[in-house]
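Engineer:
Numbering (the UniProt record's numbering), first residue to last: 1 to 447.
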C-alpha cells in the first residue's frame, strides 16, 4: 500500500467511565519476525494471533514476493511454508512496504546475505525515514546499494555471492538495526557478532533460538550485550502464538488510567522486560494497574492487566528507559498532560526518526490543546493539569500520534480533533471499535 488516498478526520470528546475486557491485536514486532523466520525455515510455520494490520500484511506480501507460501487458513491461523536459509528468490517487481519501517528494515537484513537484487519502496512517510543506519552494516557484509541521498527509499539492494561475517557495535539503541544485522548473519558463513551497549527488545534473539539457530548472548558487568550467531543454520518451522501488542495495549491502558471511574481488563499483553517501560512509568506516576494471570508462550511472558482510574503525579522518566517504551511516549505524554506537576521525558532522540518526527508532533499537538510543554532536541517536559482541548492535531501520517490525541480528547474540556485517522489501520485496525465499545466517544469531523 503506497499511501492513504483520502484523509479521515476524527474527533474525540469527553466520555464516561471506560469498562470491559479488551483484547488488542497481536504484537507487531513478533508478527513481523514470525513471518520472516517462517519464510527461511524448513517446513510449515503456523502462526496464531498474527496482527492483521497493514504493516504486517505488507511483510506477508513481501515474503510471498520472495518465494515463500504465506496464507491464512479457515481456522484463523497463518501458515508459512519456508524455503530454508539461502533459499529466497529474486522478486519480479518492487516490494512496497507501505508504512512498515520495521518490516522493510528487517527484510533488508533477511535478503542481504543472498545473491539476489531486491528493490524496496514505501508510502509518503516511509520514503522520508532514514535507512542508512541499516545499510551501513549491511554494506560492510558486502551488500551493494543504489539509493537516494541519505539512503532513503526507494532503493535497490544486491547481496554478494559470499557475504562477510562482521562484528558490529550498534551506535544507537535500535532493535531494528540489531535485528537486521542478525538476520543478515543467517545466510553468512561464520559467526556474525552484534555488540549492543544499551539493551533493546530481544524478540529477534528469542525467536532465532526458538527456530533452531545457534545463537549466544552474553552480558558483561556494564550491561553491554554481545550476541553471536552462527551462520547458515537449518531453521525448523515452528508453531507461534503471538501475544497482544504492548504498544497497542498502551492506548486503552492510558485511557482507563485517565478517564474517571474507568475499570478495564486488557487481556494477554506481552510482558517482555524490554517492552514494559510504559507500565513501569505509569506505576511510578500512581497508576492502578494489577498484573493477573501471568503465563508463558514461546519463550515470552504475557499477562492480563486490570487498569482502574487513578490520579497521577509527574515524574522524571530516565533516558535509559527509552528503548523499552520508545513507541509509547506519545500516549505517555497524554498521561503527563493530566498528571499533577511536571513530567520530564529524557533520551528521546529516536522519536525523531519514527513514522514522523514524533517528538515535534507530540509537542505541537499538546500546545494546540492548551497543554504547557517544552520540546528539546532529545527531551520533552509536560506540565500537567486540566486539559483545555479544542485543538486540531496534525498527525503527519503517524498512527500513534492519531491514537494518542484521540485518547487525550476523552479527558479534555473541549473535543480534540486529529486531521486523519485512516492510518491507524497500519498497526491497530480495531482501535476505534474497541475503544468505543468500552465507552469512548469518537465522531467524524469535517476535513
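Where a beta carbon is used, it is the ideal one built from N, C-alpha and C, also for glycine.
Enumerate, from N- to C-terminal direction, the unbroken beta strand (DSSP E) stretches of 3 or more residues contained entirely within the segment 331–411.
Structural biologist: You should have 342–346, 372–375, 379–383.
Engineer: According to DSSP, simplified to helix, strand and coil, what is residue 304?
Structural biologist: For the purposes of this step, residue 304 is taken as residue 304 along the chain shown, with counting starting at 1. Looking at residue 304 - three-state DSSP - the assignment turns out to be strand.
Engineer: Just to check my reading of the structure: residue 326 and residue 351 have Cβ atoms closer than 8 Å, yes? What is that Cβ distance to the nearest angstrom?
Structural biologist: Against the chain shown, residue 326 aligns to sequence position 326. Against the chain shown, residue 351 aligns to sequence position 351. Confirmed, about 7 Å.
Engineer: Can you name, in chain order, every residue of its own chain whose Cβ lies under 8 Å from the Cβ of residue 358, other than the five neighbours on each side?
Structural biologist: Against the chain shown, residue 358 aligns to sequence position 358. Closer than 8 Å at Cβ, skipping near neighbours: 329, 330, 351, 352, 398, 400, 401.
Engineer: Report the start-end ranges of each alpha helix (DSSP H) in the segment 143–209 that is 4 residues or longer and not cut off at the edges.
Structural biologist: Taking only runs of at least 4 residues, the alpha helix (DSSP H) segments lying wholly in the segment 143–209 are 175–186.
Engineer: Quick one: using the 10 Å Cβ neighbour count with 16 as the cut-off for buried, is residue 413 buried or exposed?
Structural biologist: Numbered from its first residue, the chain shown carries residue 413 at position 413. By the 10 Å Cβ count, residue 413 comes out exposed.
Engineer: Name the two residues that bound the continuous alpha helix (DSSP H) containing residue 288.
Structural biologist: Position 288 of the chain shown, counting from 1, holds the residue named residue 288. Element bounds for residue 288: not the alpha helix (DSSP H) but the beta strand (DSSP E), 288–297.
Engineer: Output the boundary residues of the beta strand (DSSP E) element that contains residue 21.
Structural biologist: The sequence position of residue 21 within the chain shown is 21, counting from 1. 19–22 is the span of the beta strand (DSSP E), which, as asked, contains residue 21.
Engineer: My guess is that residue 214 and residue 233 are in contact by the Cβ rule of under 8 Å, so how many angstroms apart are they, rounded?
Structural biologist: Locating residue 214 in the chain shown gives position 214, where the first residue counts as 1. Locating residue 233 in the chain shown gives position 233, where the first residue counts as 1. Residue 214 to residue 233, Cβ: 6 Å. Contact.
Engineer: Residue 270 by DSSP, collapsed to three states: which one?
Structural biologist: For the purposes of this step, residue 270 is taken as residue 270 along the chain shown, with counting starting at 1. In the structure shown, residue 270 sits in a strand (DSSP, three-state: E or B).
Engineer: Is it buried or exposed, residue 227, if we count other Cβ atoms within 10 angstroms and call 16 or more buried?
Structural biologist: Translated into the one-based positions of the chain shown, residue 227 becomes position 227. Answer is buried; the Cβ neighbour count reaches 16.
Engineer: Quick test of the definition: if touching needs 3 or more C-beta pairs under 8 Å, does the segment 263–270 touch the segment 229–246?
Structural biologist: Enough Cβ pairs lie closer than 8 Å, so yes.
Engineer: Since residue 10 sits in a beta bridge, which residues does DSSP pair it with?
Structural biologist: For the purposes of this step, residue 10 is identified with residue 10 of the chain shown, where counting begins at 1. Note: residue 10 sits in a beta bridge opposite 418, 444.
Engineer: What did DSSP end up calling residue 244 once you bin it into helix, strand or coil?
Structural biologist: The residue you call residue 244 lines up with position 244 of the chain shown. Three-state result, residue 244: strand.
Engineer: On the CB-based measure, 16 or more other CB atoms within 10 Å of its CB, does residue 4 come out buried or exposed?
Structural biologist: Here residue 4 refers to the residue found at position 4 when the chain shown is read from its first residue. For residue 4, the predicted structure reports a pLDDT of 46, less than 50, and the residue's modelled location is therefore unreliable. A value from the coordinates is still provided. Residue 4 should be labelled buried.
Engineer: Please work out which residues of its chain come closer than 7 Å, Cβ to Cβ, to residue 375, disregarding the five sequence neighbours upstream and downstream, and give them in chain order.
Structural biologist: Counting from 1 along the chain shown, the entry for residue 375 is found at position 375. Result list for residue 375: 359, 360, 363, in chain order.
Engineer: Take residue 259 as the anchor and find which of 239, 307, 274, 273 has the nearest alpha-carbon.
Structural biologist: For the purposes of this step, residue 259 is taken as the residue at position 259 of the chain shown. Of the listed residues, the one whose Cα sits closest to residue 259 is 307.
Engineer: Can you say whether residue 380 is buried or exposed, counting buried as having 16 or more other CB atoms within 10 angstroms of its CB?
Structural biologist: Residue numbering aside, residue 380 sits at position 380 when the chain shown is read from its first letter. Buried, by the Cβ-count rule.
Engineer: Please confirm whether residue 420 and residue 395 have their CB atoms less than 8 Å apart.
Structural biologist: Locating residue 420 in the chain shown gives position 420, counting from the first residue. Locating residue 395 in the chain shown gives position 395, counting from the first residue. For residue 420 and residue 395, yes; Cβs fall inside 8 Å.
Engineer: Under three-state DSSP, which class holds residue 96?
Structural biologist: Counted from its first residue, the chain shown places residue 96 at position 96. DSSP places residue 96 in strand when its eight states are reduced to three.
Engineer: I want to know whether the segment 5–14 touches the segment 275–287 - three or more CB-CB distances under 8 Å.
Structural biologist: No, the segment 5–14 is not in contact with the segment 275–287.
Engineer: Short of 7 Å in beta carbon distance, which residues of its chain neighbour residue 139, apart from the five on each side in sequence? Order them along the chain.
Structural biologist: Counted from its first residue, the chain shown places residue 139 at position 139. 145.
Engineer: State the start and end residues of the unbroken beta strand (DSSP E) segment that holds residue 431.
Structural biologist: Position 431 of the chain shown, counted from the start, is the residue given in the question as residue 431. Unbroken run through residue 431 is the alpha helix (DSSP H), 431–437; no beta strand (DSSP E).
Engineer: If you follow the beta strand (DSSP E) that residue 217 is in, where does it begin and where does it stop?
Structural biologist: Here residue 217 refers to the residue found at position 217 when the chain shown is read from its first residue. 215–219 is the span of the beta strand (DSSP E), which, as asked, contains residue 217.
Engineer: Please state the DSSP three-state secondary structure of residue 52.
Structural biologist: Counted from its first residue, the chain shown places residue 52 at position 52. Coil.
Engineer: Using a Cβ-Cβ cut-off of 8 Å, state whether residue 432 counts as contacting chain D.
Structural biologist: Of the protein chains in the structure, only one exists, and it is not chain D.
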